[in-house]
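Structure, as structure tokens:
2 protein chains.
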Amino acid sequence: MTDAPLAPGAVIGILGGGQLGRMLSVAASRLGFSTHIYEPGANPPAGQVAARVTTAGYDDVEALRAFAETVDVITYEFENIPAEALDILEPLRPIRPNRKALKVSQDRLTEKAFLTDLGLRTAPFAAVDDDIDLAEALEEIGAPAILKTRRFGYDGKGQARIMSAEDAPQALADMAGAPSILEGFVTFSHEISVIAARGLSGDIACFDPGENMHEAGILRRTTVPARLSEAQRMDAVLLAAKILNALDYVGVMGVELFVTPQGLLVNEIAPRVHNSGHWTQNGCAVDQFEQHIRAVTGWPLADGQRHADVVMENLIGDDMDRVPDLARQPDTALHLYGKSEVKPGRKMGHVNRVIRAPR
Amino acid sequence: MTDAPLAPGAVIGILGGGQLGRMLSVAASRLGFSTHIYEPGANPPAGQVAARVTTAGYDDVEALRAFAETVDVITYEFENIPAEALDILEPLRPIRPNRKALKVSQDRLTEKAFLTDLGLRTAPFAAVDDDIDLAEALEEIGAPAILKTRRFGYDGKGQARIMSAEDAPQALADMAGAPSILEGFVTFSHEISVIAARGLSGDIACFDPGENMHEAGILRRTTVPARLSEAQRMDAVLLAAKILNALDYVGVMGVELFVTPQGLLVNEIAPRVHNSGHWTQNGCAVDQFEQHIRAVTGWPLADGQRHADVVMENLIGDDMDRVPDLARQPDTALHLYGKSEVKPGRKMGHVNRVIRAPR
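As they're listed, the protein sequences go chains Y and X. The numbering used here applies: residue 414 is where the first sequence begins, and numbers increase by one. The numbering used here applies: residue 414 is where the second sequence begins, and numbers increase by one.
Have a look at this one:
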């Protein structure tokens, strides 16, 4: 495959069949592409809107090879793809975003080191493998702080707060021996995220930053526009661009930032479409999902212009009970994920409230 | 099945796998439904974004029965469904919109008679089965006029213009013996359409009327808002509501109207989502496709509010060559249909240009 844009009719392989894969698949269809989903779990949400689904594990060499041979490009909806699977896929088809982005974002320590090497600011951090490391890290960073596993954490999982040194043994026990990182608390007024995209030709486009509100470690709401000065808005975008360029990145990335009196700090990056970018589905002509598809297929990026203000709210677990009421509210767009089972803390859907401009 | 709303997870059967079925399927997924497409042709556009596809003819009794048994409700993307197929499906699952709507709209003569019986105005018309009928009809209606087959016409097919009586024999020959209707010319300033919806409980919601521009008998462009006075806008909506109520209709209907100095005339009705309603995808929180799914599943209708002005343009045949350029234009949403073959006159996609409100 050259760097020429893929023509409509091409097939996009997506690793992961959750809601992000589902919305990527729908976006791909709008550009005339079809999709092939690779997912270990049965009946994945993305499979309901895809031309083809492979149900197989990431250790199934034959299934991975067969999958790669049916697609023109491979992308993914989550960052924790086993390196062994990527080793098999990489010689067969382009993987976008590239493996460097995955490597950096799969490990909180590698990620923070990458960001600080770039000259960007993060929360203070230190590697923690045992009780001696932890004692030293607490000495250096101070409490309160958060101990997190370096890998496989999401939505507040694999994390323990340390309010004072007495909490240290329990926090370390919670990590169950996994390599960890201690992160200092940051005093910030609010969190924002930049949904940034970089195309195959190196062009960059960012959506307007959204302001995030979390509950119990899970994103609850994103409001666009975020509370930011013009200078902060510019900073946020430049900072995101710096990250994407450094990674020679192709695709959409979610960049979470803390707004502090001393400037913007990077919280974390996700090498994929991001929950805090769901508002773009109803606020922009081209949403983050299509933007990602455009990038990985070599199409020109959209400029990210927003034609309406939006408040995105996640529907988590029993929030599904609110759907009949939400369906009656004006200017309210429901996006349900087709998951058969409701579980506490499980993202079941989201709702975008469009703020109409006064006429 | 009772009239209770279908819960997410339910399966919607869609007769017809073209672009309308495709966009209905995507909309259904947003509400957590999955879809089963029934389509005689291989590799239908809708199949790329559906959980299941049956490839079988409308005369395949076993396939129709098996299809019905997997779904909770049946809807369709086109009006020319053979009555025999409906006879098989109807005892098994609810068909929405109902058969009365299909019967009326499958035949131009039945449709015009239905509309005039309701007290609505149409172009003058007369049934034509032979040369004697045609001579009488021309005497009554006058030339210029258009001779059309009563059934199976779309996008300007099955039509012949009669500019003067000399054109009559050729026009009749063009109908190839099919029962026909002569329609008089109407002097109108422009054509609009109302995309109207009626829910299972009888509630009605209309999107803002769009203004249509045709080329070579095919819709080229729909602009919203249409040029209409407040009184005309009200008339258009009331008239559409009258039609839906008279049919005890459930679903979305496209109602094409001529704007004349003497008021609004009904051009034709389509018992389905309609090309002139595609703008709603980028102008409303809930588009015509989701509105239709809401109606046929017993959900509350959205109110049809528009948060942006939109110009929709169809991409027909070689217009596909313009896609790379269109992909670079701001505020422009592409919607391609995934059709493998480009043919002259074939609808390959459309583009919605969103008009951003000044800030």
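We put the CB at the ideal spot given by N, CA and C, even for glycine. Keep in mind it's a predicted model, so treat the numbers as computed, not measured.
Worksheet item: Can you tell me the Cα-Cα spacing of Pro-421(Y) and Gly-758(X), whole angstroms?
Response: Residue numbering aside, residue 421(Y) sits at position 8 when the first sequence is read from its first letter. Residue numbering aside, residue 758(X) sits at position 345 when the second sequence is read from its first letter. Their Cα atoms are separated by approximately 19 angstroms.
Practice prompt. Give the residues from the region 455-472 of chain Y that approach chain X closer than 8 angstroms (Cβ to any Cβ), ordered along the chain.
Written response: Cβ contacts with chain X: Gly-460, Gln-461, Val-462, Ala-463 and Ala-464.
Fill in: Unbroken stretches of the beta strand (DSSP E), 3 residues or longer, contained in the region 611-651 of chain Y
For secondary structure counted as the beta strand (DSSP E) over 3 or more consecutive residues, the region 611-651 of chain Y holds these complete runs in sequence order: 617-619, 623-628 and 631-637.
Item to complete: Mind checking the region 496-524 of chain X against chain Y and listing, in chain order, the residues whose C-beta falls within less than 7 angstroms of any C-beta there?
Response: Taking a C-beta cut-off of 7 angstroms against chain Y, none of the residues of the region 496-524 of chain X qualify.
Item to complete: Could you name the residues of the same chain whose beta carbon sits closer than 8 angstroms to that of Thr-467(X), not counting the 5 residues immediately before and after it, in chain order?
Response: In the second sequence, the residue the question calls residue 467(X) occupies position 54. Excluding positions up to five away in sequence, the list reads His-449, Ile-450, Tyr-451, Glu-452, Ala-476, Ala-479 and Phe-480.
Worksheet entry | Length of the line joining the Cα atoms of Ala-539(Y) and Ile-594(Y) | Translated into the one-based positions of the first sequence, residue 539(Y) becomes position 126. Translated into the one-based positions of the first sequence, residue 594(Y) becomes position 181. The alpha-carbon atoms of Ala-539(Y) and Ile-594(Y) are separated by roughly 6 angstroms.
Discussion item. So Met-588(Y) and Leu-551(Y) are supposed to be a Cβ contact under 8 angstroms. How far apart are they, rounded?
Written reply: Translated into the one-based positions of the first sequence, residue 588(Y) becomes position 175. Translated into the one-based positions of the first sequence, residue 551(Y) becomes position 138. In this structure Met-588(Y) is not in contact with Leu-551(Y), their Cβ atoms being roughly 14 angstroms apart against a cut-off of 8 angstroms.
Worksheet entry | Proximal chain X residues relative to Val-439(Y), where beta-carbon distance stays under 8 angstroms | As a working mapping, residue 439(Y) is identified with position 26 in the first sequence. Residues of chain X passing the Cβ test: Val-439, Ser-442 and Val-462.
Practice prompt. Using the DSSP secondary-structure output, state which residues sit across from Gln-572(X) in a beta bridge.
Written response: Stepping through the second sequence from its first residue, residue 572(X) is reached at position 159. Paired residue(s): Lys-561(X).
Practice prompt. Can you pull the chain Y residues whose beta carbon is under 7 angstroms from the beta carbon of Thr-745(X), in chain order?
Written response: Translated into positions along the second sequence, residue 745(X) becomes position 332. Residues of chain Y passing the Cβ test: Ala-698.
Worksheet entry | Beta-carbon spacing of Gly-430(Y), Ala-459(Y) below 7 angstroms | Position 17 of the first sequence holds residue 430(Y). Position 46 of the first sequence holds residue 459(Y). Going by C-beta atoms, Gly-430(Y) is nearer than 7 angstroms to Ala-459(Y).
Item to complete: Note down the Cα distance separating Gln-432(X) from Leu-531(Y), rounded to an integer number of angstroms.
Response: Here residue 432(X) refers to the residue found at position 19 when the second sequence is read from its first residue. Here residue 531(Y) refers to the residue found at position 118 when the first sequence is read from its first residue. Near 47 angstroms, if we compare the C-alpha coordinates of Leu-531(Y) and Gln-432(X).
Worksheet entry | Within 7 angstroms, strictly: CB atoms of Ile-427(Y) and Thr-483(Y) | To locate residue 427(Y), count along the first sequence from 1; it is residue 14. To locate residue 483(Y), count along the first sequence from 1; it is residue 70. Going by C-beta atoms, Ile-427(Y) is not nearer than 7 angstroms to Thr-483(Y).
Discussion item. Using a Cβ-Cβ cutoff of less than 8 angstroms, which residues in the same chain neighbour Val-755(Y) once the five nearest sequence positions on both sides are dropped?
Written reply: For the purposes of this step, residue 755(Y) is taken as the residue at position 342 of the first sequence. Non-local beta-carbon contacts of Val-755(Y) in its own chain, meaning distances under 8 angstroms to residues more than five positions away in sequence, involve Gly-730, Asp-731, Met-733 and Met-761 in chain order.
Practice prompt. At 9 angstroms on the CB atoms, spell out the chain Y contacts of His-720(X), in chain order.
Written response: As a working mapping, residue 720(X) is identified with position 307 in the second sequence. Simply Asn-695, His-720, Ala-721, Asp-744, Val-767, Ile-768, Arg-769 and Ala-770.
Discussion item. Restricting to Cα atoms, I'd like to know which of Leu-419(Y), Pro-418(Y) and Pro-457(Y) is closest to Ser-847(Y).
Written reply: Outside the displayed span of chain Y (414 to 772) sits residue 847(Y), for which this structure offers no information.
Discussion item. Please report the distance separating the alpha-carbon of Ala-770(Y) from that of Asp-580(Y).
Written reply: Walking along the first sequence from the start, residue 770(Y) turns up at place 357. Walking along the first sequence from the start, residue 580(Y) turns up at place 167. Ala-770(Y) and Asp-580(Y) have their C-alpha atoms spaced approximately 50 angstroms apart.
Worksheet item: Does Trp-712(X) come within less than 7 angstroms of chain Y when only Cβ atoms are used?
Response: Here residue 712(X) refers to the residue found at position 299 of the second sequence. Taking Cβ atoms only, chain Y reaches closer than 7 angstroms to Trp-712(X), which makes this a yes.
Worksheet item: Would you report the Cα separation of Asp-472(X) and Arg-512(X), rounded to the nearest angstrom?
Response: Residue numbering aside, residue 472(X) sits at position 59 when the second sequence is read from its first letter. Residue numbering aside, residue 512(X) sits at position 99 when the second sequence is read from its first letter. So the two alpha carbons sit approximately 18 angstroms from each other.
Worksheet entry | Proximity of Trp-692(X) and Val-637(X) at Cβ, strictly below 7 angstroms | One-based indexing of the second sequence puts residue 692(X) at position 279. One-based indexing of the second sequence puts residue 637(X) at position 224. Going by C-beta atoms, Trp-692(X) is nearer than 7 angstroms to Val-637(X).
Fill in: Of the residues Ile-545(X), Ser-602(X), Phe-702(X) and Thr-600(X), the one placed nearest Ala-578(X), counting alpha carbons only
In the second sequence, residue 578(X) corresponds to position 165, counting from 1. The closest CA to that of Ala-578(X), considering only Ile-545(X), Ser-602(X), Phe-702(X) and Thr-600(X), is found on Ile-545(X).
Worksheet item: DSSP state of Ala-609(Y), grouped into three classes?
Response: In the first sequence, the residue the question calls residue 609(Y) occupies position 196. Here DSSP, grouped into helix, strand and coil, assigns Ala-609(Y) to strand.
Worksheet item: How should Gln-715(Y) be labelled, buried or exposed, when 16 other C-beta atoms within 10 angstroms of its C-beta is the threshold for buried?
Response: Translated into the one-based positions of the first sequence, residue 715(Y) becomes position 302. For clarity, residue 715(Y) is Ala in the given sequence; the question names Gln instead. Counting Cβ neighbours within 10 Å, Ala-715(Y) comes out buried, since at least 16 surround it.
Practice prompt. Quick one: give me the first and last residue of the beta strand (DSSP E) that Ser-447(Y) is part of.
Written response: For the purposes of this step, residue 447(Y) is taken as residue 34 along the first sequence, with counting starting at 1. Unbroken beta strand (DSSP E) run through Ser-447(Y): 447-452.
Worksheet item: Can you name the residues of chain X whose CB is closer than 8 angstroms to the CB of Arg-741(Y)?
Response: Along the first sequence, one-based indexing puts residue 741(Y) at 328. Among the residues of chain X, those whose CB is under 8 angstroms from the CB of Arg-741(Y) are Pro-713, following chain order.
Worksheet entry | Minimum length 4: unbroken alpha helix (DSSP H) runs contained in the region 670-734 of chain Y | Complete alpha helix (DSSP H) runs here, min 4: 693-696 and 701-709.
Worksheet item: Which value, in whole angstroms, describes the spacing of the CA atoms of Ala-498(X) and Glu-492(X)?
Response: Sequence index remark: in the second sequence, residue 498(X) carries index 85 (1-based). Sequence index remark: in the second sequence, residue 492(X) carries index 79 (1-based). Whole-angstrom Cα-Cα distance: 12 angstroms.
Discussion item. Nearest by alpha-carbon distance to Asp-621(X): which of Ile-631(X), Val-439(X), Arg-646(X) and Ala-423(X) is it?
Written reply: Working through the second sequence from its first residue, we reach residue 621(X) at position 208. Nearest C-alpha to Asp-621(X): Arg-646(X).
Worksheet item: If we cut at 7 angstroms on Cβ distances, does Gly-615(X) have a partner in chain Y?
Response: Residue numbering aside, residue 615(X) sits at position 202 when the second sequence is read from its first letter. Residue contact with chain Y for Gly-615(X): absent (no Cβ-Cβ distance below 7 angstroms to any residue of chain Y).
Worksheet item: Does any C-beta atom of chain Y lie closer than 7 angstroms to the C-beta of His-449(X)?
Response: As a first step, residue 449(X) must be located in the second sequence, where it is residue number 36. No - not a single Cβ of chain Y is within 7 angstroms of the one on His-449(X).
Worksheet item: Relative to the C-alpha of Val-665(X), which residue among Val-709(X), Phe-527(X) and Glu-643(X) is closest?
Response: Residue numbering aside, residue 665(X) sits at position 252 when the second sequence is read from its first letter. Shortest Cα-Cα distance from Val-665(X) to any of Val-709(X), Phe-527(X) and Glu-643(X) involves Val-709(X).
Worksheet entry | Residue closest to Gln-718(Y), alpha-carbon to alpha-carbon, out of Gly-590(Y), Gly-696(Y) and Arg-633(Y) | The residue given as residue 718(Y) occupies position 305 in the first sequence. Closest by C-alpha distance to Gln-718(Y), out of Gly-590(Y), Gly-696(Y) and Arg-633(Y), is Gly-696(Y).
Practice prompt. Hey, could you find the ends of the alpha helix (DSSP H) Ala-581(X) is sitting in?
Written response: Translated into the one-based positions of the second sequence, residue 581(X) becomes position 168. Taken as a continuous stretch (DSSP letters only), the alpha helix (DSSP H) holding Ala-581(X) covers 581-587.
Practice prompt. Verify whether the separation of the beta carbon atoms of Arg-443(X) and Val-462(X) is less than 7 angstroms.
Written response: Within the second sequence, the letter at position 30 stands for residue 443(X). Within the second sequence, the letter at position 49 stands for residue 462(X). In this structure, Val-462(X) does not lie closer than 7 angstroms to Arg-443(X) by Cβ.
Item to complete: Note down the Cα distance separating Phe-671(X) from Gly-470(Y), rounded to an integer number of angstroms.
Response: Residue mapping note: residue 671(X) aligns to position 258 of the second sequence, counting from 1. Residue mapping note: residue 470(Y) aligns to position 57 of the first sequence, counting from 1. If I take the Cα positions, the gap works out to 59 angstroms.
Item to complete: Find out if the Cβ-Cβ distance for the pair Cys-619(Y), Val-663(Y) is shorter than 7 angstroms.
Response: By one-based count along the first sequence, residue 619(Y) stands at place 206. By one-based count along the first sequence, residue 663(Y) stands at place 250. Result no, Cβ atoms of Cys-619(Y) and Val-663(Y) do not sit closer than 7 angstroms.
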